[in-house]
Amino acid sequence: MDIDPDVVRKRLDSGETKTEIAKDYGVSRHAIRRLVNRKKKGAVKESELTKKVHKALQKSGELDVEALADKFNVPPKKIRDAVEQLAHDGYRVEVDDVSAVTLHKVPPSRNNLHKSLLEGEEHVIGIVSDTHLSSNEEALEELHLAYDIFAERGITEVLHAGDWTCGSGIFRGQVSEIKNHTFEQQVDYLVANYPKRDGIVTRGISGNHDIEGDFGRVGANPVVALANQRDDIDFLGDYSAWINYGSDNAPCWMHLLHGKGGMSYSYSYKAQKLADGYRSERKPAVLAVGHWHVRGAFEARGVQVLFPACFEWQSPFLTRLGLSPAVGFHILTITIGDDGTLVKMIPEYFRFVEGRTV
Ligand SMILES: [Fe+2]
Ligand SMILES: [Fe+2]
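First residue of the sequence shown? That's 1031 in this note's numbering, and the numbers climb one at a time after it.
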């Protein structure tokens, strides 16, 4: 009696047992099992085809799909399936546009990787932050030394990550920690004392000390006032600015930011949290973020997060917060590929130690 394996399979799928089906056909349960297994042999045959294709490729390295189909008397689709199976099993096979199947016996040459990948246009930028001029603890001489070094190195652009001046009414008791108390005095002090060097433009954002507290209450911005009186100062915005170091078509963004709130126990955690805040399609290459008066460089989600240190020695306020400032600055060298990718970065850190003089 001819038993259709497909019918048997359907009956098994619908929940009948092999014994029940066997009884119907008047055959043994084993006969049903064999029949079902025979059906499975189709799959085995396919894997045999895969083996044959593999063997043929081992011999010739490259063969045409049509030629393989003719050789094994199967449709080209089966050959493509077999090649796919081989790739799935971990063999280095590929089918090109003209249907040639190739088996690579050695790893493919890495000619798509070349040292030019790490080459590009270099930018050298000075980075300073939290200069807090007019604070009793301002590190103004150190800031001037930083600009001497920028000038020596031929740097034309310095970025400032906010808190140019110490402000007023930012925290309780600040009045005893600063030497200039009004908006006008602090602006005049900035105009007269913030370093100026031929050929160097300082571009930056305002921070909480610049635009909150007493100045904020009257809507005054000392950084804008400074920029209006000095042509080497360029105001980029409150708290945040995005600067493109790539081209219009292939941008490479630096996000200059003044942070908010306290620093986390671990600086790297703060760096991660800041990087987490960007949507994946709008991540900067570099985030230079001031406010915490600490120094660190971390990569998080592909963003180079730089905490740029500051120019204010430990004030009584910081001591109360249990914070010890890092006083110093960076010369950041970044290399940007044609496609706007940041391919190299040197965060060169210059640090000062209180009381250390020559
Ligand atoms: Fe600050
Ligand atoms: Fe700040």
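Think of the CB as a built atom: it goes at the ideal place given N, C-alpha and C, for glycine as much as any other residue.
Note that the structure is a prediction, hence the values are computed from the model and not measured.
Query                                                                                                            : Result
CB of F1382 within 8 Å of CB of A1169, strictly                                                                  : yes
Buried or exposed by the 16-neighbour rule on C-beta atoms within 10 Å, applied to D1160                         : buried
Exposure label - Y1275; buried when at least 16 CB within 10 Å                                                   : buried
Classification of H1360 by the beta-carbon crowding that lies within 10 angstroms, buried from 16 upward         : buried
Inter-residue spacing [alpha-carbon to alpha-carbon] between K1209 and S1165                                     : 6 Å
DSSP beta-bridge partners of Y971                                                                                : Coverage of the chain is limited to positions 1031 through 1388, which leaves residue 971 absent and any answer about it impossible.
Stretch-stretch touch, CB-based, cutoff 8 Å, three pairs: the stretch 1317 to 1336 with the stretch 1271 to 1291 : yes
Straight-line Cα distance separating E1151 from E1171                                                            : 33 Å
Simplified DSSP assignment, three categories, for T1195                                                          : strand
Cβ neighbours of P1105 in the same chain (closer than 7 Å, five flanking residues each side left out)            : A1099
Any heavy atom of ligand 2 within less than 5 Å of residue CB: hits in chain order                               : D1193, G1237, N1238 and H1321
Cβ separation of L1173 and P1225, assumed to be a contact under 8 Å, to the nearest whole Å                      : 6 Å
Whole runs of the beta strand (DSSP E) within the stretch 1115 to 1150, excluding any shorter than 3 residues    : 1123 to 1125 and 1130 to 1133
D1160 beta carbon near ligand 1 (any heavy atom closer than 7 Å)                                                 : yes
Short Cβ contact (8 Å threshold) for R971 with A1305                                                             : Limits of the chain in this structure are 1031 at one end and 1388 at the other, which puts residue 971 out of reach.
Contact test: H1323 Cβ vs ligand 1 heavy atom, cutoff 7 Å                                                        : yes
F1245 vs S1198 beta-carbon contact at 8 Å                                                                        : yes
Distance between beta carbons of V1188 and G1156, contact taken as under 8 Å                                     : 4 Å
Sequence-distant residues of its chain with Cβ nearer than 8 Å to N1042 (five each side left out)                : The amino acid occupying residue 1042 in the given sequence is Leu; Asn does not appear at that position. Excluding positions up to five away in sequence, the list reads K1048, I1051 and V1066.
Paired residues, beta bridge with G1326 - DSSP                                                                   : F1337
Cα-Cα separation, V1037 to D1111                                                                                 : 27 Å
Rounded C-alpha distance that separates P1355 from A1327                                                         : 16 Å
Continuous beta strand (DSSP E) stretch holding E1092: start and end                                             : E1092 to D1094
Inter-residue CB distance, L1163 and L1220 (contact presumed, cutoff 8 Å)                                        : 6 Å
Proximity winner among L1148, D1262, S1236 and R1059, relative to A1250 (alpha-carbon distances)                 : S1236
Status (buried if at least 16 other CB within 10 Å, exposed otherwise) for S1345                                 : buried
Local conformation of F1265 per DSSP, three classes                                                              : strand
Option nearest V1373 by Cα separation, candidates C1282, Y1308, I1109 and F1201                                  : C1282
Cβ-based neighbour list, E1076, same chain, cut-off 6 Å, excluding 5 preceding and 5 following                   : none
Any non-hydrogen atom of ligand 1 closer than 7 Å to C1282 Cβ                                                    : no
Whole-Å CB distance - G1370 paired with A1280, under 8 Å assumed                                                 : 3 Å
Three CB pairs or more closer than 8 Å across the stretch 1114 to 1132 and the stretch 1079 to 1086              : yes
Assigned exposure category for V1329 - 16 Cβ within 10 Å defines buried                                          : Strictly speaking, residue 1329 in this sequence is Glu, with Val absent from that position. Its Cβ having fewer than 16 others within 10 Å, E1329 is exposed.
Cβ separation of V1131 and V1123, assumed to be a contact under 8 Å, to the nearest whole Å                      : 6 Å
Helix, strand or coil at V1074 according to DSSP, with G and I counted as helix                                  : Only weak support exists for where V1074 lies, its pLDDT of 46 falling under 50; the coordinates are left without a value.
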